[in-house]
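Shown next, in structure tokens, is the structure this report addresses.
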Amino acid sequence: MATYTFSFPTPIHFGPGIRKNLPGFFKDHGFRLPLIITDQGVVGLSFFQEIKASLEAGGLSVAVFSEITGNPGESQVIQGVNCFRFHNADSIIAIGGGAALDVAKAVALMVAHRGDLFDYEDGRADALPIDGPIPFWVAIPTTAGTGSEVGRSTVISDEKTHIKRIIFSPKLLAKAVFADPELALSMPASITAATGMDALTHCVESYLAKGYHPLCDGIALEGLKLAATHLEKCVREPNNIEARAGMLMSSIMGGIAFQKGLGLTHSCAHALSTIANLHHGLTNGLMINHALKFNISAVPERFHSMAVAIGLKNSTGEGFISWLEELKTQIGMPNYLSKAGLKFSSPLDQKFIDRVSTLAFEDSCHQNNPRTCTPKDFKQIFSEAL
Numbered sequence: 210m211a212t213y214t215f216s217f218p219t220p221i222h223f224g225p226g227i228r229k230n231l232p233g234f235f236k237d238h239g240f241r242l243p244l245i246i247t248d249q250g251v252v253g254l255s256f257f258q259e260i261k262a263s264l265e266a267g268g269l270s271v272a273v274f275s276e277i278t279g280n281p282g283e284s285q286v287i288q289g290v291n292c293f294r295f296h297n298a299d300s301i302i303a304i305g306g307g308a309a310l311d312v313a314k315a316v317a318l319m320v321a322h323r324g325d326l327f328d329y330e331d332g333r334a335d336a337l338p339i340d341g342p343i344p345f346w347v348a349i350p351t352t353a354g355t356g357s358e359v360g361r362s363t364v365i366s367d368e369k370t371h372i373k374r375i376i377f378s379p380k381l382l383a384k385a386v387f388a389d390p391e392l393a394l395s396m397p398a399s400i401t402a403a404t405g406m407d408a409l410t411h412c413v414e415s416y417l418a419k420g421y422h423p424l425c426d427g428i429a430l431e432g433l434k435l436a437a438t439h440l441e442k443c444v445r446e447p448n449n450i451e452a453r454a455g456m457l458m459s460s461i462m463g464g465i466a467f468q469k470g471l472g473l474t475h476s477c478a479h480a481l482s483t484i485a486n487l488h489h490g491l492t493n494g495l496m497i498n499h500a501l502k503f504n505i506s507a508v509p510e511r512f513h514s515m516a517v518a519i520g521l522k523n524s525t526g527e528g529f530i531s532w533l534e535e536l537k538t539q540i541g542m543p544n545y546l547s548k549a550g551l552k553f554s555s556p557l558d559q560k561f562i563d564r565v566s567t568l569a570f571e572d573s574c575h576q577n578n579p580r581t582c583t584p585k586d587f588k589q590i591f592s593e594a595l
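Shown next as structure tokens:
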């Protein structure tokens, strides 16, 4: 399989083995002291050690910050900033899934900006401007899910309130992306499924989101088609490099498309991952079919377009939801929360529903949903998802 380089707008180096070009790329750009930001799951893998060794063999002095676990919080960002300064780093290499890439963006922001991280939260009337320098940083995604490598926002949990907060600026875009599908070959089936559903959800929700953005709509439909073609193959045939590449491109396209906006599935997922400490992609996968049923009546023509794009005979909204449910079954993802290891018993059911619905309504993603969603609506959606 060939490798490619293109920009949209981030320079993207794509294809099997493309990571091997990284040392020369950094030397050509004049950087010698990179800080690698990664998570505890990646730092022990053989490809990580290979990348680190190749950078050192290329004459770079490398430090590693790997204190990232689960849903990243502000404290991890603070530790990363301290590590950057201690190493006197001149650049950042982010290697990992969405958590590592989001922390890397936040670290890059806070290296030269005053105040606290959430002083820069998107949507705050008194938010501080992101007007200082951002270190040169490069993204190397190891999962095909978040698309954070091409995103201009970072999502970090407020450890006091447990609410996920978004910091947004085009200045947070990576200077380059090295997207190598070989890095996903060792990914377990469960993570492949969860991250794949994350990519698929980005494509679906950005296409359904309110607003006029035909560029994002076209990218979202093609990203959805790639996910529909390749996700099940990645789970069943983990060493299928073409399927891995297809899902990695679907993830990138989803990450680009959702600059248009997302929707209520993400609000549900953010709340659920916060309360139950579940992987973000898993919570998207658990909630997507339940949440999307709420939208069919508002934009039936959009569901029809999605169904046609992936070749469904039943091109109605109900047909698309049925396909989603079948896909989840094929990749081993439960269709109900009670089947995902979450235990409920009345009256705890109602306490859980009240709490998760409140957090979902407070989340900003559903503001772009094609149909207005009230707290009562969220309670109904979570009740059906149990």
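The numbering used here applies: residue 210 is where the sequence shown begins, and numbers increase by one. Backbone N, C-alpha and C fix where the C-beta goes; we use that ideal spot for every residue, glycine too.
- Around the beta carbon of residue 424, fewer than 16 other beta carbons lie within 10 angstroms, which makes this residue exposed.
- Per the DSSP secondary-structure output, residue 329 pairs with nothing in a beta bridge.
- Residues of the same chain with a CB within less than 7 Å of the CB of residue 254, apart from the 5 flanking positions on each side, are 395 in chain order.
- For residue 423, the uninterrupted alpha helix (DSSP H) segment begins and ends at 423 to 445.
- Exposed is the label assigned to residue 332, since fewer than 16 other Cβ atoms lie within 10 Å of its Cβ.
- In the DSSP secondary-structure assignment, residue 282 is bridged to 366.
- A residue is called buried when at least 16 other Cβ atoms come within 10 angstroms of its Cβ; residue 285 meets this threshold and is buried.
- Sixteen is the threshold: since fewer than 16 other Cβ atoms of the shown chains lie within 10 Å of the Cβ of residue 210, the residue is exposed.
- Judged by pairs of C-beta atoms under 8 Å, the segment 458 to 467 touches the segment 412 to 426, as three or more such pairs exist.
- By the Cβ test, the segment 271 to 278 is not in contact with the segment 317 to 334, since fewer than three Cβ pairs between them sit closer than 8 Å.
- Listed in chain order, the beta strand (DSSP E) elements of length 3 or more contained wholly in the segment 467 to 497 amount to none.
- In the DSSP assignment, the residues bridged to residue 305 are 350.
- Contact between residue 472 and residue 403 fails: their C-beta atoms lie close to 19 Å from each other, not under 8 Å.
- Here the alpha carbon of residue 483 sits roughly 9 Å from the alpha carbon of residue 568.
- In this structure residue 440 does not touch residue 339 by the C-beta definition: roughly 35 Å separates them, more than the 8 Å allowed.
- Per the DSSP secondary-structure output, residue 580 pairs with nothing in a beta bridge.
- A straight line joining the alpha-carbon of residue 383 with that of residue 436 spans about 24 Å.
- Straight-line measurement puts the Cα of residue 495 at about 19 Å from the Cα of residue 459.
- The C-beta distance from residue 219 to residue 386 rounds to 6 Å, short enough to fall under 8 Å.
- In the DSSP assignment, residue 509 falls outside any beta strand (DSSP E) and within the unbroken alpha helix (DSSP H) covering 509 to 518.
- If you compare the alpha carbons of 263, 454 and 367 with that of residue 391, the shortest gap goes to 454.
- Taking 8 Å as the upper bound for CB-CB distance, residue 312 and residue 293 are not in contact here, some 11 Å apart.
- A distance below 7 Å separates the beta carbons of residue 508 and residue 579.
- Rounded to whole angstroms, residue 217 and residue 239 show a C-alpha spacing of 24 Å.
- Taking C-beta atoms under 8 Å as the contact rule, residue 502 and residue 519 fail to qualify, at a distance of about 18 Å.
- Residue 373: member of the beta strand (DSSP E) spanning 373 to 377, first to last residue.
- Under a 10 Å Cβ-count criterion, residue 283 is classified as buried, with 16 or more other Cβ atoms of the shown protein chains found around its own Cβ.
- For the set 514, 354 and 493, the Cα lying nearest the Cα of residue 430 is the one of 514.
- Bounds of the beta strand (DSSP E) holding residue 213 are 213 to 216.
- Boundaries around residue 246 are those of the beta strand (DSSP E), 243 to 246, since no alpha helix (DSSP H) includes it.
- Closest option to residue 443, judged by alpha-carbon separation, among 480, 356, 407 and 398: 398.
- Less than 7 Å divides the Cβ of residue 246 from the Cβ of residue 301.
- With distances taken between CA atoms, residue 588 lies nearest to 499 out of 265, 510, 405 and 499.
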